[in-house]
Amino acid sequence: GKIEGGSRYTFYSPEMNTWSRDRLDMETALHHGLANQEFELFYQPQIEIASGRLAGLESLIRWQRPGKGRVMPDEFITAAEESGIIRGIGEWAIHAAMRQTAHWNREGLLTVPLAVNVSARQFSDMAIVDTIREGLADSGLAPSMLKVELTESTAMRNPGYAAELLHSIHNLGVSIAVDDFGTGYSSLSLLKRFPVSELKIDRSFVGDVSDHDAAAIVRGTIALAHGLGMTVVAEGVETQAQLRFLADHGCDVVQGYLFAQPLPPDEIRNWLSGPPP
Ligand code: C2E
Ligand code: CA
Ligand code: CA
Ligand code: CA
195 GKIEGGSRYT FYSPEMNTWS RDRLDMETAL HHGLANQEFE LFYQPQIEIA SGRLAGLESL
255 IRWQRPGKGR VMPDEFITAA EESGIIRGIG EWAIHAAMRQ TAHWNREGLL TVPLAVNVSA
315 RQFSDMAIVD TIREGLADSG LAPSMLKVEL TESTAMRNPG YAAELLHSIH NLGVSIAVDD
375 FGTGYSSLSL LKRFPVSELK IDRSFVGDVS DHDAAAIVRG TIALAHGLGM TVVAEGVETQ
435 AQLRFLADHG CDVVQGYLFA QPLPPDEIRN WLSGPPP
């Protein structure tokens, strides 16, 4: 089962270009990677500005590809999406994140939600609802401890369908965040129909708040989110100046290298059990 034009891949020919050979190698390696447990999750803290306290964690996948070291998601998620193997990888990631979070909950180390990323292909059928329901049952994680992040463009691709799917997830007791907000041309009236509790401002705007237009988008997003009763998270916060701008304009939660990079479980463990900053 390849992407359209998959017959291209049924034989090697001199015409086969480097791109398609690389892609085929990548798909094979992704299948092996999933079977051989080469994927791992890092976790990045989210901080509530008003209190300075931890507000949540976001899980971010990494791939320890043999002979290639640590591969970042931007290098493989697109290929995983196009080949469909994102379903398997995504299911693994959701289950692993829930197990880890349930464990930290039981240890008393973590009392705030974990956010997991769900990509467009994972969102393209209702199976994601079963994956989440089963993950909750298997891990024993309280639904209120889970948040699903989907991008604005995924949500807006087919808004009627998205509304139905998001309500099914919401009905499990799981909360929903719209990721990369500001990049996908949301309509206000559509956004209101989604059971979304959080907007995440894309880091391209956060990184550029000295720019007049980016600053206007950040301010507008915060006003919009608060008008709809939603929390605002700014991602990619790297400087004190960005933090100050966000705080001055009423942003609720920040996430970025200024506070912590995404960290492997043992380092997050230390981070969680260490003294408050
Ligand atoms: P995203 O969900 O928008 O995640 C935010 C990205 O910004 C992450 O990149 C994170 O490491 C990075 N980041 C965090 N703070 C800063 C900062 O202060 N400065 C800069 N420059 N970057 C920062 P990462 O981990 O490489 O992930 C990239 C994308 O891959 C994610 O974007 C998400 O769309 C996707 N992804 C990650 N994990 C998963 C997963 O488990 N499943 C799915 N379906 N997609 C995932
Ligand atoms: Ca995200
Ligand atoms: Ca994002
Ligand atoms: Ca992104």
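Numbering (my numbering), first residue to last: 195 to 471. For each residue, glycine too, the CB sits at the ideal point set by N, CA and C. Keep in mind that this is a model prediction, so the values were computed, not measured.
Check: Which two residues bound the contiguous alpha helix (DSSP H) that contains Gln240?; Outcome: Per DSSP, Gln240 belongs to no alpha helix (DSSP H); it is in the beta strand (DSSP E), 233-242.
Check: Looking at the structure shown, is Lys262 part of a helix, part of a strand, or coil, going by DSSP?; Outcome: coil
Check: In this structure, does DSSP put Glu301 in helix, strand or coil?; Outcome: coil
Check: For the beta strand (DSSP E) containing Ser369, list its first residue and its last residue.; Outcome: 369-375
Check: Using a Cβ distance threshold of 8 Å, determine whether the region 405-416 contacts the region 455-469, with at least three qualifying pairs required.; Outcome: no
Check: Report all residues from its chain with a CB closer than 8 Å to the CB of Ala321; omit the five preceding and five following residues, and keep chain order.; Outcome: Arg281
Check: In whole angstroms, what is the alpha-carbon distance linking Ser201 and Ser214?; Outcome: At Ser201 the pLDDT is 48, less than 50, meaning the model places this residue with poor confidence and gives no usable figure here.
Check: Given this structure, state the Cα-to-Cα distance separating His225 from Ala309, to the nearest angstrom.; Outcome: 25 Å
Check: Which stretch, first to last residue, makes up the alpha helix (DSSP H) that contains Ala441?; Outcome: 434-442
Check: If we require 4 or more residues per run, which alpha helix (DSSP H) segments fall completely within the region 318-375?; Outcome: 321-333, 346-351, 353-365
Check: Return the first residue and the last residue of the beta strand (DSSP E) that Asn311 is part of.; Outcome: 308-311
Check: With a cut-off of 5 Å, give the chain-ordered residues whose Cβ is closer than this to any heavy atom of ligand 2.; Outcome: Asn311, Glu343, Asp373
Check: Using a 10 Å radius around the Cβ and a threshold of 16 neighbouring Cβ atoms, would you call Asp396 buried or exposed?; Outcome: buried
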